[in-house]
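Everything on this sheet refers to the single structure shown next.
Numbering (the numbering used here), first residue to last: 24 to 595.
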């Protein structure tokens, strides 16, 4: 067969079609022409032609690929097999492409043309689907998928202040009596009580791993489905870290995300399931690793060539109704903002948001529901702020009934939460690829009210804060995914006890939660493609006492934490 004129740098369906049309040399032999005999001959010819065409196409594709690789100086012996489709060569003799003579009975030229046209469509369709001209290619349907993943190794070095208050003195109830005899107040439920059973003064280290892997499938032009698996614990919503030192026991993978996204227009998207944070924010309000559960809609509309508006709205159930067990809780979030291209190398992004929690505040249980030690099924739990959610910082109180002197304390939130959030970022790229980025964030809990807290808990607290803010400056590359790329940052963070729900804010600063202030110094450096090292130093102190004050003469508690994190990251 004579060479195909297609250049070796471009293998296409045109090459395949040309080879099919040129055909295969044959030597004819006279034969019977009865209808049955012709049908049999027709099928035989189709089988022979199909095998011949496939073998010729595969041989030509292999020849062109190897010529191209040889021209570029690449030794690619291993790729030879990758260019050969198993389906294309199954049952074909090794010398099928060397112009062998196939002897078949004589049939009219019109029938040969008809058979060839039929086979041309079949073989081209198979070649396209199996992607014979793309060495090592996956099946066509996998083109609809995109994959992502990352691995992070982290070493934490935690230094606790030697003058920190011992854990047995960090709560309002330190008498050892039951919650009903002396209702407790605290901002650290794990530290409450009169037993010093939690470390607050001894330094320690921990080695941690985070692995995440996800995929997104382009179902159609307007529909995307995706998921992400991650390491991590199921007793907190913010962390996907796995602490090493489990006696070589295996780790668990959890479903971190699973979602369906509809995009009916270019400016609107609708997402539901376990989803990424749909709001423009910092970790002052929402931790970086936090995934939301619920539904959200996001829109982005240009007002001019320099100005674009964006908005997001979402509803997220925190707990669903379970008759005789729990009452529902949910979060509604609304955000609107602007992206403004101020100059050729300067961009400003600002947004205002309102996050409204419903049914999250606690309430003291009634004696009737306690029922003299035979409580109803949802006793305590319907008003509890559970340990599977909370970190530290929010003002808590015991919700046990007044006659309950047996059961352990159920801790509930003393305040309601309706968070107003302002977030802004100024990106100055005059020295691109080096950027100077200024970030500011402010939040205030509009539902914080000491008089309502007193009515709910029976105590009038004299401390506790309803607001927080963060200021940060970053200099360097936007990402450190390439060798030699770098960035550094310095931030100051101040977050009052009841400014936000402590379950969802940063889980590292001050060992997680609210009611802390201090500095964060960080930096990253790219060492290989998609691999970088990073480090952070966080120095934090308490803002208010861990034991909420109910008088001006109450003693304050101390808890200072210095945290050094060193990480090795890789993404794929």
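Here a beta-carbon is modelled for each residue, glycine too, at the ideal position from N, C-alpha and C.
In terms of residues, what are the limits of the alpha helix (DSSP H) holding residue i?
i: residue 391; result: 390-393
i: residue 474; result: 473-480
For residue i, does the count of other Cβ atoms within 10 angstroms reach 16, so buried, or fall short, so exposed?
i: residue 225; result: exposed
i: residue 500; result: buried
i: residue 413; result: buried
i: residue 344; result: exposed
i: residue 596; result: Past the edges of the chain, shown from 24 to 595, lies residue 596, and the structure says nothing about it.
i: residue 148; result: exposed
i: residue 400; result: exposed
i: residue 324; result: exposed
i: residue 84; result: buried
i: residue 488; result: buried
i: residue 578; result: exposed
i: residue 209; result: buried
i: residue 246; result: exposed
i: residue 362; result: buried
i: residue 476; result: buried
i: residue 455; result: exposed
i: residue 358; result: buried
i: residue 231; result: buried
i: residue 273; result: exposed
i: residue 542; result: exposed
i: residue 278; result: exposed
i: residue 402; result: buried
i: residue 510; result: buried
i: residue 386; result: exposed
i: residue 317; result: buried
i: residue 408; result: buried
i: residue 216; result: buried
May I ask which residues mark the beginning and end of the beta strand (DSSP E) holding residue i?
i: residue 429; result: Run containing residue 429: none; DSSP gives neither H nor E here.
i: residue 373; result: 369-381
i: residue 468; result: 457-468
i: residue 182; result: 168-183
i: residue 165; result: That residue, residue 165, is in no beta strand (DSSP E); it is neither H nor E in DSSP.
Measuring only from the beta carbon, is residue i closer than 7 Å to any heavy atom that is part of the ligand GDP?
i: residue 294; result: Among the components modelled here there is no ligand, and therefore nothing to report on the ligand GDP.
Tell me whether residue i sits in a helix, a strand or coil according to DSSP, three-state version.
i: residue 189; result: coil
i: residue 231; result: strand
i: residue 210; result: coil
i: residue 577; result: coil
i: residue 111; result: Since pLDDT at residue 111 reaches only 45, below the 50 mark, its modelled position is unreliable, and the value read off the structure follows with that caveat. Reduced to three states, the DSSP call for residue 111 is helix.
i: residue 450; result: strand
i: residue 33; result: Here residue 33 scores only 42 on pLDDT, less than 50, and its place in the model should not be relied on; the value that follows carries that caveat. Residue 33: coil per DSSP, three-state reduction.
i: residue 133; result: helix
i: residue 251; result: strand
i: residue 386; result: coil
i: residue 74; result: helix
i: residue 226; result: coil
i: residue 572; result: coil
i: residue 82; result: helix
i: residue 68; result: helix
i: residue 139; result: helix
i: residue 215; result: coil
Just grab the DSSP bridge partners of residue i for me.
i: residue 556; result: 548, 591
i: residue 330; result: 363
i: residue 246; result: 243, 285
i: residue 144; result: Paired residues: none, contrary to the question.
i: residue 355; result: 338, 379
i: residue 585; result: 182, 562
i: residue 237; result: 171, 251
i: residue 321; result: 292, 335
For residue i, decide whether its Cβ has a neighbour in chain B, counting only Cβ atoms nearer than 8 Å.
i: residue 391; result: Reference to chain B is not applicable here, since this structure consists of a single protein chain.
request  = Write down every uninterrupted run of the alpha helix (DSSP H) in the region 411-446 whose length is 4 residues or greater and which is fully enclosed by it, in chain order.
outcome  = As far as the region 411-446 is concerned, it has no whole alpha helix (DSSP H) run of at least 4 residues.
inquiry  = Which runs of the beta strand (DSSP E) at least 3 residues long sit entirely within the region 486-544? Give them in chain order.
reply    = Fully contained in the region 486-544 are the following beta strand (DSSP E) runs of length 3 or more, in chain order: 490-499, 509-518.
request  = Entirely within the region 262-318 and at least 3 residues each: give me those beta strand (DSSP E) ranges in chain order.
outcome  = If we require 3 residues or more, the beta strand (DSSP E) runs fully inside the region 262-318 come out as 277-288, 291-298.
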